[in-house]
Structure formats: structure tokens, C-alpha cells
Amino acid sequence: MTVAERPFPGYARPVPITASIRSGAGPEPRRRKHTRDRRGRGLRGPLAPPQVPLALTRAEQFDELVLDAVERLERRWPRLSEVELAVEEVPPADAEHWSEEAVPLGRVLADRPGEPVRIVIYRRPVEARAAGRPELADLVYEVVVEQVAELMGIEPDEVDQGRDEE
1 MTVAERPFPG YARPVPITAS IRSGAGPEPR RRKHTRDRRG RGLRGPLAPP
51 QVPLALTRAE QFDELVLDAV ERLERRWPRL SEVELAVEEV PPADAEHWSE
101 EAVPLGRVLA DRPGEPVRIV IYRRPVEARA AGRPELADLV YEVVVEQVAE
151 LMGIEPDEVD QGRDEE
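If you're matching positions, the sequence shown starts at 1 in the UniProt record's numbering and goes up one per residue.
Printed below as a string of C-alpha cells:
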């Protein structure tokens, strides 16, 4: 046996594929010893239990903020229960919804025959404009209010009248 052919520690002699598959002959496959982990740092797993907010992804946290905003508005505007709500990562690339000065934060899709009205909130542009979670919650609420106002054909101040009372 030459140096290049010399097996390394833990080397198992290969068994021809046909023999091991057809007849089950050949040595047992090598199994790794069950160790706690490879480098002694402990088991990997979730950082927080699933019931705490820390366990949610950023997208799931954003979805919760949007649902909270809509629930607050549904108390005053029951018609919103008929409206579909969607969250997308970024606005589509079609030029008809973009303006030259700003990236859209949301959109109302009302002119779809045979389908319900949909309000779409774009997560990434909204998150980019907020410095922290409290600001993000306020901004999400403002964007939802603007989209509801556009849908109903009224001013955002009329949609948001009850906010000072809460």
C-alpha cells in the first residue's frame, strides 16, 4: 500500500454499491457517537419560548402590528371586516404606482372584478422609515389609516378621529 492509498483514522473500506444495496451485505454504516454538540457549546435551539414576542420573526411582528391597527379601526368602521388585508415585502416594479418622490408604503386594490377589495402594506419600505418598534407601530397605523381613507374616499383625519380618545 502506498502513502496515497493509506487509509486515515476512522477509514472504512468501501463496499461495492451493488453488493450493499442488493443483498444487504457489507459492514454496518458507521454511526457518529451521540455527543452533546460538536464543539462543546451546548445544544442549539430557539432563544425564546414560542409564546413570547421575541420568538416571532420580523415579518410576523410586522403582521401583528398591521392586524392591531386594523382591529383598532374596525371598531369605528365595521365595513373593514369585508376588506382583505395583505402584507408584501416590497412594492411591485410596475411604474404606475410609484411616484418620483417616494416609494409607496401601501396600496388599495379595489378595481378587481369578482374579487374583494384588498389593502396591501409594504413591509420593507415602512420598516426602513421607522427607528424603533414604537415608531414602527405608529407608522404602520398611519399607513393603514391612509389606505382606509383612500378606500372610503375621505380624509385620513376623518378615519382617525377616535385615536385621541383611546
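Just so it is clear, CB atoms sit at the ideal spot from N, CA and C, and this is done for glycine as well.
No experiment lies behind these values; they were computed from the predicted model shown.
Item, Value
"Between the alpha carbons of residue 168 and Val-145, how many angstroms are there, rounded?", "The displayed coordinates of the chain run from 1 to 166. Any statement about residue 168 would go beyond what the structure contains."
"Counting along the chain, where does the beta strand (DSSP E) carrying Val-108 start and finish?", "106-109"
"For Ala-131, name the three-state secondary structure that DSSP assigns.", "coil"
"Since Val-140 and Val-148 are thought to touch, with beta carbons under 8 Å apart, how far apart are those beta carbons, to the nearest angstrom?", "No, Val-140 and Val-148 are not in contact; Cβ-Cβ is about 13 Å, not under 8 Å."
"Can you round the beta-carbon distance between Arg-123 and Ala-59 to whole angstroms, since I take them to be within the 8 Å contact cut?", "7 Å"
"Thinking Val-70 and Leu-80 are a contact (beta carbons under 8 Å), I'd like their distance in whole angstroms, please.", "6 Å"
"Just to confirm my understanding: we take Glu-82, look at its own chain, exclude 5 residues before and 5 after, and list those with CB closer than 7 Å. What are they?", "Pro-116"
"Roughly how many angstroms lie between the CA atoms of Gly-153 and Leu-56, to the nearest whole one?", "35 Å"
"Just the C-alpha distance for Val-108 and Glu-84, rounded to the nearest angstrom, thanks.", "10 Å"
"Going by Cα to Cα distance, which pick from Gly-106, Ala-102, Pro-78 is closest to Glu-142?", "Gly-106"
"Once DSSP output is grouped into helix, strand and coil, what is the label at Val-87?", "strand"
"At the level of alpha carbons, what is the spacing between Val-90 and Pro-125?", "7 Å"
"Would DSSP call Arg-118 helix, strand or coil?", "strand"
"One question on the structure: do Leu-73 and Ala-110 come within less than 8 Å of each other, judged by their Cβ atoms?", "no"
"With burial defined as no fewer than 16 other Cβ atoms inside 10 Å of the residue's Cβ, what is the status of Leu-54: buried or exposed?", "exposed"
"Is Asp-63 helix, strand or coil when you go by DSSP?", "helix"
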